[in-house]
Amino acid sequence: MKKHLRSFKEFLSEAKDPTYYQETFYFTILISMSKEMGGSRDETKNDIRAVPEVLTVTLIEPEKGGVQRDLGTKYLSSLKLHVRKPKEVNKVDLMRRLVLHISNLRGVSVLRYKEHKPKPRRKAFHGTYKITELDYQKVRRQKAAEYQKDKAQYISTGPQKTGGTPFSKKASTKRGKSAPAGFGGLEEETLDEDILITIEKDKDNLMAFGTNRELNQKIWNDEKEIRAGVKGAMMDIIDEFLEGLEMDLDIKDIVLTGSMANYNWSKFSDLDLHILVDFAEVNENEAMVKKFFDAVRSRWNKLHYITIKGHEVEIYVQEEHEPHTSTGVYSLMKNEWLVKPQKIKPEIDEATTQKKVEAVVKELDKLRSLYDNKLYEQSLEAAQRVKDKIGRMRKGGLERAGIYSPENLAFKILRRSGDIEKLFDIYTKSYDKVFSLDQ
Numbered sequence: 044m045k046k047h048l049r050s051f052k053e054f055l056s057e058a059k060d061p062t063y064y065q066e067t068f069y070f071t072i073l074i075s076m077s078k079e080m081g082g083s084r085d086e087t088k089n090d091i092r093a094v095p096e097v098l099t100v101t102l103i104e105p106e107k108g109g110v111q112r113d114l115g116t117k118y119l120s121s122l123k124l125h126v127r128k129p130k131e132v133n134k135v136d137l138m139r140r141l142v143l144h145i146s147n148l149r150g151v152s153v154l155r156y157k158e159h160k161p162k163p164r165r166k167a168f169h170g171t172y173k174i175t176e177l178d179y180q181k182v183r184r185q186k187a188a189e190y191q192k193d194k195a196q197y198i199s200t201g202p203q204k205t206g207g208t209p210f211s212k213k214a215s216t217k218r219g220k221s222a223p224a225g226f227g228g229l230e231e232e233t234l235d236e237d238i239l240i241t242i243e244k245d246k247d248n249l250m251a252f253g254t255n256r257e258l259n260q261k262i263w264n265d266e267k268e269i270r271a272g273v274k275g276a277m278m279d280i281i282d283e284f285l286e287g288l289e290m291d292l293d294i295k296d297i298v299l300t301g302s303m304a305n306y307n308w309s310k311f312s313d314l315d316l317h318i319l320v321d322f323a324e325v326n327e328n329e330a331m332v333k334k335f336f337d338a339v340r341s342r343w344n345k346l347h348y349i350t351i352k353g354h355e356v357e358i359y360v361q362e363e364h365e366p367h368t369s370t371g372v373y374s375l376m377k378n379e380w381l382v383k384p385q386k387i388k389p390e391i392d393e394a395t396t397q398k399k400v401e402a403v404v405k406e407l408d409k410l411r412s413l414y415d416n417k418l419y420e421q422s423l424e425a426a427q428r429v430k431d432k433i434g435r436m437r438k439g440g441l442e443r444a445g446i447y448s449p450e451n452l453a454f455k456i457l458r459r460s461g462d463i464e465k466l467f468d469i470y471t472k473s474y475d476k477v478f479s480l481d482q
């Protein structure tokens, strides 16, 4: 209370100063709100407004780059804060102090924050601007020539401006390496890709999977080992996960796999951390153990949104004896590569990939219609069929032609577009409706 009074007195003294000028700035935060411990989003916004120096609090909608996600027991929300900066107070220290205040609110955790620097606005044009038909046709021809030049560069070099590889639309007849059972399922795989695929129903939506010249240097140190700070953050997350299990497990190894352990990483890539355990040591019914760990890790991944260097962390529990046939596997416990990644050039059957995507999207539209018409039992059965179909489709593609198969690429596009998430959302909601008792 004394601090608040002192701060208010400083504010009043500044206001009396004829040279006083109030400096303000914006910064954004991503918060996690517990539905059981905290209040609603509006109540939380009001609580944050009451924090000293905070002037306004606004939601950042997803279309503007924010996160507004319901995770069941928690809610993730991106907020933009307009704050007042007192004289002789460091901006970074002020942000840290405000984040600490907000984190002390009941049921609220600040996951990340940064200063918001809006793009400079263009000066408004005042007056009259005339353009003739000749001018219009000249600009049109110039734009068409630029488009053809850019198109030729993309085809010849791939999505990277330098060091890229040309695109190829020829279907591959060579059998690729299939993903192991533990590294498969519905998660990101681990081979290099150099693909640019256009979904026919949305020609502006380009899903690019590019092969990079080097591993992600925010994560790796000269491609030999993981950076010390990154590894420390990963191990802290694993420790937190294992503490929540409350089980005495003999951890055989902890490995990083997926595209972040390979050259096909992108801004979409997750950090896939696999905890290796001997399922037989847990219980002789290994199938039951696998289902248990799958359920636990699925719930943990849904309830937490943790990022390292801008990439979301996903945790999996894997059977120790599953073979390492992925092309990029790094041991965190041994600090060494178990499988060192290699660069390869892909060949893509784009037309078949598009057909696979469109077929699944049509089934998802029918599924949504069943749910919207309150046919919950039918939507539950249909959702299960679509889940099984996608699983079989992807597994068959991996076994037949590897990561570059149309089936696996179709899955990746569906995952990035959010359709896989929508499928699981309808499945969960349908399940809850079927087993709920209203009367």
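The sequence shown begins at 44 in our numbering and counts up by one. The C-beta atom is built at its ideal place from N, Cα and C for all residues, glycine as well.
Phe-70 is bridged by DSSP to Leu-124, Glu-158. Using a Cβ distance threshold of 8 angstroms, Ile-358 and Leu-316 count as a contacting pair. For Gln-361, the uninterrupted beta strand (DSSP E) run begins and ends at 354-362, by DSSP. In this structure, DSSP gives Lys-117 an extended state, which the three-state scheme calls strand. Residue burial annotation: Glu-450 is buried, with at least 16 other C-beta atoms found within 10 angstroms of its C-beta. When C-beta atoms of the stretch 289-296 are compared with those of the stretch 327-344, fewer than three pairs fall below 8 angstroms, so the two segments do not count as touching.
Burial is judged here by how many other beta carbons sit within 10 angstroms of a residue's own beta carbon; Ala-444 has at least 16 and is buried. Spanning the alpha carbons of Glu-96 and Asp-313 requires a straight line of approximately 36 angstroms.
In the three-state reduction of the DSSP assignment, Val-325 falls in the helix class. Going by DSSP, Leu-285 is part of the alpha helix (DSSP H) stretching over 271-288. The straight-line gap separating the alpha-carbon atoms of Asn-305 and Ser-146 is approximately 36 angstroms. When DSSP reads this structure, Gln-385 sits in no beta bridge, so it has no partner. Listed as beta-bridge partners of Glu-104 by DSSP are no residues whatsoever. When Cβ pairs closer than 8 angstroms are counted between the two stretches, the stretch 126-135 is seen not to touch the stretch 75-91, the count staying below three.
Taking Ser-121 as reference, the option from Ala-93, Lys-383, Glu-257, Thr-87 with the minimal CA-CA separation is Thr-87. From the listed residues Glu-363, Asn-378, Glu-283, the smallest Cα separation to Val-356 is found for Glu-283.
For Ile-318, the three-state secondary structure derived from DSSP is strand.
One alpha carbon belongs to His-347, the other to Glu-257, and they sit about 29 angstroms apart. In the structure shown, Gln-111 adopts extended strand secondary structure according to DSSP, grouped into three states. Residue state for Glu-365 is assigned as coil, using DSSP reduced to three classes. Ranked by Cα distance from Pro-384, the first of Thr-396, Lys-377, Gly-371, Ile-391 is Gly-371.
In this structure, the alpha-carbon of Gly-150 lies about 41 angstroms from that of Arg-435. Around the Cβ of Gly-301, a 10 Å sphere holds 16 or more other Cβ atoms; the residue is buried. In the DSSP assignment, Ser-412 falls within the alpha helix (DSSP H) that extends over 393-415.
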